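Trainee: Residue numbers (my numbering), protein chains in the order written: chain A, 1 to 231; chain B, 1001 to 1233; chain C, 2001 to 2226. Here it is, the structure, as structure tokens.
Structural data, given as structure tokens:
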């Protein structure tokens, strides 16, 4: 099998996984809307929770992938690792955008404000900035190995930054408590809600894998075409 | 003194070095000709250890060289059409900086001596930006020879030089080679390149399409390899 | 180790000499810094927000904006005539190049801050003299954080298109923890409170400095051609 065929097969497989993911997501939402009880205080708006939380989780996971794969790239210098971490960054942008848009949609009816500087929301906002910076930097460096090294440096630095941002937001909030914004924190969810959330998390993980496979397959296809075009 | 084995280097899909091998003893001088984009500069930067080959090895003084070993790096002198000088500093400040980095004893007097050697004894306190192109190049040469390297790597060193400065550089290099230094020069200036060479190579698309002793080449032969050499012509 | 430091100081001295010769960057950064202070003074409703309430944020935003102006230059001067090749070919190691640039940038930004602080004290009617020693400590710690990351990133951005735009986009997210910490501590100092009240921030900033100086040393090599 040529590299091009392998790349195409990976993309197709990714498409299949994504499709399964979306079907399952529809299933989860049927469960969330019809078979999971309404949250007493938040009402139907709380249903968005089952997208919001898993999206944040996937964005963070994607960033973890970028960081760890970047580290591996600097060690092994394999071009495919670079393509993979770039794919993860693009997928991460998508998830963080979902998280950042569903946050206000949830927040407005529940807390009466579009945006809060809640720890998780803030962290995802920074993830989004880091992903975008990462992709902008890639765009500004034409030479492939240089681009790979630069983006690896940024990816690893970002991974180190994340805990610092998290602690900063935490310290910031303990100094300036904002009592109006009743953050549910970690409420003990009723079992049905928890099950729905866990199902949704699982489905989002499938989507992450599906997106990643497609995007990486596409990157490999491009690389293979370029090689063939110049050979 | 210098040996290259199967050097391969690609930048993404573009192959700049594709299996280049040669070896060079003390007192020998290799000139590598080639059109723009043939990978000549990549070759020179790889030999200097500024670029890492993806395959193949560079040996300096018989030992594997990857640009990290300080003792091997100290053996290398680098002259290019870029001056490597800081325009806002004086000639002497530039050279003192280099002398310090190389751990040369008594940097100030070493810098003065090096500048006097290239005939700039009266301009050592002039900022580089006030010097003429020829004087800048002489300062650059003094800078490169300050730590007394045994192996000179030259990237288009004659570019932009006037007749006098070019003659000066040629004489200096001839002396260096006679004294047992090894020289690798990459250029597309056939005349200047042949004059100093004891070996000649023509590089195209990352490969040596012709390589041999100076006696096997004349200007016409080099030019013909420019046009027809290489498998992708 | 000693050689690395010696070479780093050689490189930093050379950079500062160059800076002293040209002076453009330093003077522009200073003027810019004064301008930011002035703009901030007017960019508010004085009946709603007092000088004191605004002061710590103004100080740190000014430092950040002005400090960023000099960062790209550190590597641009090496690229103009490919002087960087000369440094890389010298027996000095890569870490000394990074540290040399860090030292030079530190000197540059600290100089800028040393001139901005009294100006700030006068414009915003803040007593900067009595908390001077702890304030200097906070400034130094936060500037190390700024410069450690900024130097690493500018080694990359200096070689990209749109360097002047790229650096802030990459750098500012990384400045959130150190600047937040610095503002909190500065606020305490201006209020005449001891730093021990914000020990958490102090620890965070110190940890950040250590983490990113080490990271800078380890990752710097990957920003060079190879």
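Idealized CB from N, CA, C, for every residue including glycine. This structure is a prediction, so every number in the text was calculated from the model and none was measured.
How do the region 163-175 of chain A and the region 118-135 of chain A stand: do at least 3 beta-carbon pairs fall below 8 Å, yes or no?
Mentor: Touching, per the Cβ criterion.
Trainee: Could you tell me the distance, in whole angstroms, from the CA atom of residue 159/A to the CA atom of residue 2057/C?
Mentor: Taking the first residue of the first chain as 1, we reach residue 159/A at position 159. Taking the first residue of the third chain as 1, we reach residue 2057/C at position 57. If you take the alpha carbons of residue 159/A and residue 2057/C, they lie about 27 Å apart.
Trainee: State the CB to CB distance for the pair residue 2103/C and residue 2037/C, rounded to an integer number of angstroms; the pair is presumed to be in contact (CB under 8 Å).
Mentor: Within the third chain, numbered from 1, the residue matching residue 2103/C stands at position 103. Within the third chain, numbered from 1, the residue matching residue 2037/C stands at position 37. Their Cβ separation, rounded to whole angstroms, is 27 Å, which puts residue 2103/C and residue 2037/C out of contact at 8 Å.
Trainee: Please say whether residue 1209/B and residue 1024/B have beta carbons closer to each other than 8 Å?
Mentor: Translated into positions along the second chain, residue 1024/B becomes position 24. Translated into positions along the second chain, residue 1209/B becomes position 209. Not a contact, by the Cβ cut-off of 8 Å.
Trainee: When you compare the CB of residue 1203/B with every CB in chain C, is at least one pair closer than 8 Å?
Mentor: Counted from its first residue, the second chain places residue 1203/B at position 203. It does not; no Cβ of chain C falls within 8 Å.
Trainee: Output yes if chain B places a C-beta closer than 8 Å to the C-beta of residue 218/A; else output no.
Mentor: Residue 218/A sits at position 218 when you count from the first residue of the first chain. Closer than 8 Å: no.
Trainee: If the cut is a Cβ gap below 7 Å, which residues of chain B does residue 2025/C touch?
Mentor: Walking along the third chain from the start, residue 2025/C turns up at place 25. Residues of chain B passing the Cβ test: none, with the nearest at roughly 12 Å.
Trainee: Pull up the distance between the alpha-carbon of residue 2208/C and that of residue 2153/C, whole angstroms please.
Mentor: One-based indexing of the third chain puts residue 2208/C at position 208. One-based indexing of the third chain puts residue 2153/C at position 153. Near 16 Å, if we compare the C-alpha coordinates of residue 2153/C and residue 2208/C.
Trainee: Does the Cβ-Cβ distance between residue 2138/C and residue 2055/C come in under 8 Å?
Mentor: Position 138 of the third chain holds residue 2138/C. Position 55 of the third chain holds residue 2055/C. Not a contact, by the Cβ cut-off of 8 Å.
Trainee: Determine the direct distance from the alpha carbon of residue 2088/C to that of residue 88/A, and round the result to whole angstroms.
Mentor: Here residue 88/A refers to the residue found at position 88 when the first chain is read from its first residue. Here residue 2088/C refers to the residue found at position 88 when the third chain is read from its first residue. The alpha-carbon atoms of residue 88/A and residue 2088/C are separated by roughly 34 Å.
Trainee: Step through the CB atoms of chain B and report whether any lies within less than 8 Å of the CB of residue 178/A.
Mentor: Your numbering for residue 178/A matches position 178 in the first chain. With a pLDDT of 46 at residue 178/A, under the threshold of 50, the modelled position of that residue is not reliable, and the figure given next carries that caveat. Not closer than 8 Å to any Cβ of chain B, the Cβ of residue 178/A fails to qualify, so no.
Trainee: In the DSSP assignment, find the unbroken alpha helix (DSSP H) run with residue 6/A in it and report its ends.
Mentor: Taking the first chain and counting its residues from 1, one reaches residue 6/A at position 6. Per DSSP, residue 6/A belongs to the alpha helix (DSSP H) from 3-30.
Trainee: For the beta strand (DSSP E) that residue 1019/B lies in, which residues bound it at each end?
Mentor: The count along the second chain starts at 1 and reaches residue 1019/B at position 19. Counting along the chain, the beta strand (DSSP E) containing residue 1019/B begins and ends at 1014-1024.
Trainee: What are the boundary residues of the alpha helix (DSSP H) that residue 2076/C is part of?
Mentor: Indexing the third chain from 1 puts residue 2076/C at position 76. Here the alpha helix (DSSP H) through residue 2076/C covers 2051-2079.
Trainee: Which residues, in chain order, does the region 2081-2111 of chain C contribute to contact with chain B at a C-beta distance below 8 Å?
Mentor: Answer in chain order: 2081, 2082, 2083, 2085, 2086, 2087, 2088, 2089, 2090, 2091, 2092 and 2093.
Trainee: What would DSSP say about residue 2173/C, mapped onto helix, strand or coil?
Mentor: Here residue 2173/C is taken as the residue at index 173 of the third chain, counted from 1. Residue state, collapsed to three classes: helix.
Trainee: Just to confirm, are residue 1038/B and residue 1020/B a CB contact at a threshold of 8 Å?
Mentor: Here residue 1038/B refers to the residue found at position 38 when the second chain is read from its first residue. Here residue 1020/B refers to the residue found at position 20 when the second chain is read from its first residue. For residue 1038/B and residue 1020/B, no; Cβs fall outside 8 Å.
Trainee: As an exercise, report each continuous beta strand (DSSP E) stretch of at least 3 residues that is fully enclosed by the region 1050-1084 of chain B, in chain order.
Mentor: Qualifying beta strand (DSSP E) stretches, in chain order: 1055-1060, 1063-1065 and 1076-1080.
Trainee: Which parts of the region 1190-1218 of chain B are runs of the beta strand (DSSP E), unbroken and 3 residues or longer, counting only runs that do not cross its ends?
Mentor: Taking only runs of at least 3 residues, the beta strand (DSSP E) segments lying wholly in the region 1190-1218 of chain B are 1199-1204 and 1207-1213.
Trainee: Strictly below 8 Å CB to CB, what residues from chain B border residue 145/A?
Mentor: Working through the first chain from its first residue, we reach residue 145/A at position 145. Simply 1011 and 1012.
Trainee: Please name the residue or residues paired with residue 2208/C in a DSSP beta bridge.
Mentor: Translated into positions along the third chain, residue 2208/C becomes position 208. Note: residue 2208/C sits in no beta bridge, so no partner.
Trainee: If you reduce the DSSP assignment to three classes, tell me which class residue 46/A lands in.
Mentor: Along the first chain, one-based indexing puts residue 46/A at 46. If DSSP states are grouped into helix, strand and coil, residue 46/A belongs with the helices.
Trainee: Please list, in chain order, the chain B residues whose beta carbon lies closer than 8 Å to that of residue 226/A.
Mentor: Here residue 226/A corresponds to residue number 226 of the first chain, with the count starting at 1. Near residue 226/A (Cβ distances below 8 Å), the residues of chain B are 1012 and 1013.
Trainee: Can you tell which of 2094/C, 2151/C and 2049/C has its C-alpha closest to the C-alpha of residue 2212/C?
Mentor: Numbered from its first residue, the third chain carries residue 2212/C at position 212. Of the candidates 2094/C, 2151/C and 2049/C, the one whose C-alpha sits nearest the C-alpha of residue 2212/C is 2151/C.
Trainee: CA-CA distance, residue 200/A and residue 208/A?
Mentor: Here residue 200/A refers to the residue found at position 200 of the first chain. Here residue 208/A refers to the residue found at position 208 of the first chain. When rounded, the distance between both Cα atoms is 12 Å.
Trainee: In three-state terms, what does DSSP make of residue 1008/B?
Mentor: Sequence index remark: in the second chain, residue 1008/B carries index 8 (1-based). Note: residue 1008/B maps to strand in three-state DSSP.
Trainee: For residue 57/A, count neighbouring Cβ atoms within 10 angstroms of its own Cβ and tell me buried if that reaches 16, exposed if not.
Mentor: One-based indexing of the first chain puts residue 57/A at position 57. Classification of residue 57/A: buried, given that the 10 Å Cβ count is 16 or more.
Trainee: Over what stretch of residues does the alpha helix (DSSP H) that includes residue 1031/B continue unbroken?
Mentor: On the second chain, position 31 is the one that residue 1031/B refers to. Looking at the DSSP string, residue 1031/B is not in any alpha helix (DSSP H); the run it does join, the beta strand (DSSP E), is 1029-1033.
Trainee: With a threshold of 8 Å between beta carbons, is residue 167/A in contact with chain C?
Mentor: In the first chain, counting from the first residue as 1, residue 167/A sits at position 167. So yes, residue 167/A belongs to the interface.
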